[in-house]
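Report on the following structure.
Residue numbers (my numbering): 4 to 231.
Okay, here's the thing in structure tokens:
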């Protein structure tokens with residue numbers, strides 16, 4: 004999960020960053036902080052979530068959000084001004100938090116935002132010959148087999164050819180975790196975990212988790228269950 008925070012006051016940037024890292028529902032994320040809107044506008048990175056201050060001296064946060072409406076980024080407004088809330092809406096806006104309620108509200112808003120991020124995400128894999136797009140909800144697991152990457156779907160599978168698994172993993176949404184040397188699973192499609200065996204929804208296939216990753220995988224599955 005890639006998160007950006009844009010607030011002209013570094014105090015609130017740091018505070019939000021701290022609260023995000025303390026969030027028990029979030030397993031991994033990267034956070035970048037911006038205090039100048041122009042630096043965010045000129046960014047080269049893509050973000051899944053943006054915490055956006057409404058009242059900034061250089062540019063109005065709500066006006067900036069309109070520029071971002073086609074950027075596939077989910078916005079959470081942060082503000083101290085209650086009378087601007089009627090304007091805080093849009094196709095990519097998850098909600099808002101008052102700055103004096105950050106501690107109480109951030110977990111709730113993040114939980115709702117995770118669902119929106121997952122609905123918006125697509126998996127894009129580019130090989131030397133083709134480009135593939137997958138809806139993450141349809142992917143059960145990804146497997147490296149005989150030097151080929153196989154994407155196992157609810158309704159079949161797709162051989163995308165030779166691509167090292169280590170190049171695939173960074174392209175995947177947060178619900179995908181590598182459970183052994185050759186397999187990456189979609190936690191959202193896990194039915195149960197017993198010992199070091201994971202059973203998948205839809206097909207009932209069983210995936211073995213390496214002994215070294217067993218505890219880590221179990222903890223992540225529990226966190227995902229808490230988000231549902």
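Even for Gly, the Cβ is constructed at its ideal location relative to N, Cα and C.
*asked:* Taking the alpha carbon of residue 168 as the reference point, which residue from 188, 156, 66, 193 has its own alpha carbon closest?
replied: Counting from one through the chain shown, the residue named residue 168 turns up at place 165. Closest option to residue 168, Cα to Cα, is 188.
*Per DSSP, what kind of secondary structure is residue 193 in: helix, strand or coil?*
Your numbering for residue 193 matches position 190 in the chain shown. It is a strand residue.
*Answer with buried or exposed for residue 83, where buried requires no fewer than 16 other C-beta atoms within 10 angstroms of its C-beta.*
Within the chain shown, residue 83 is the residue found at index 80, counting from 1. Label assigned to residue 83: exposed.
_Quick check: the Cα distance between residue 110 and residue 53, rounded to an integer number of angstroms?_
Taking the chain shown and counting its residues from 1, one reaches residue 110 at position 107. Taking the chain shown and counting its residues from 1, one reaches residue 53 at position 50. Distance between the alpha carbons of residue 110 and residue 53: 15 Å.
*The alpha helix (DSSP H) enclosing residue 50, as first and last residue numbers*: Within the chain shown, the letter at position 47 stands for residue 50. No alpha helix (DSSP H) contains residue 50, which DSSP labels as neither H nor E.
*Have a look at residue 155 and residue 49 and give me their C-alpha separation to the nearest angstrom.*
The sequence position of residue 155 within the chain shown is 152, counting from 1. The sequence position of residue 49 within the chain shown is 46, counting from 1. If I take the Cα positions, the gap works out to 27 Å.
*asked:* Quick check: what's the CA-CA separation for residue 186 versus residue 213?
replied: As a first step, residue 186 is located in the chain shown; it is residue number 183 there, counting from the start. As a first step, residue 213 is located in the chain shown; it is residue number 210 there, counting from the start. Each residue's Cα considered, the two are about 10 Å apart.
*Please state if the CB of residue 20 and the CB of residue 40 are separated by a distance shorter than 7 Å.*
Counting from 1 along the chain shown, the entry for residue 40 is found at position 37. Counting from 1 along the chain shown, the entry for residue 20 is found at position 17. Their beta carbons are not under 7 Å apart, which means residue 40 does not touch residue 20 by this criterion.
*Using three-state DSSP, classify residue 92 as helix, strand or coil.*
Taking the chain shown and counting its residues from 1, one reaches residue 92 at position 89. Three-state result, residue 92: coil.
_Helix, strand or coil for residue 59? Go by DSSP, reduced to three states._
The residue labelled residue 59 in the question sits at position 56 within the chain shown. Here residue 59 sits in coil by DSSP.
*Does DSSP put residue 146 in a helix, in a strand, or in coil?*
The residue you call residue 146 lines up with position 143 of the chain shown. Here residue 146 sits in strand by DSSP.
_Could you tell me the alpha carbon to alpha carbon distance between residue 196 and residue 36, rounded to whole angstroms?_
Mapped onto the chain shown, residue 196 falls at position 193. Mapped onto the chain shown, residue 36 falls at position 33. Taking the straight line joining both Cα atoms gives about 37 Å.
*From which residue to which residue does the beta strand (DSSP E) around residue 155 run?*
The residue labelled residue 155 in the question sits at position 152 within the chain shown. Residue 155 -> beta strand (DSSP E) spans 151-156.
*Taking residue 9 as the reference, give the member of 166, 78, 219, 221 with the closest Cα.*
Within the chain shown, residue 9 is the residue found at index 6, counting from 1. Nearest option by C-alpha distance: 78.
*Shortest alpha-carbon distance to residue 46 belongs to which of 202, 15, 174, 74?*
By 1-based counting over the chain shown, the position of residue 46 is 43. Of the listed residues, the one whose Cα sits closest to residue 46 is 74.
*For residue 7, which residues does DSSP report across the bridge?*
Here residue 7 refers to the residue found at position 4 when the chain shown is read from its first residue. Answer is 35, 53, bridged to residue 7.
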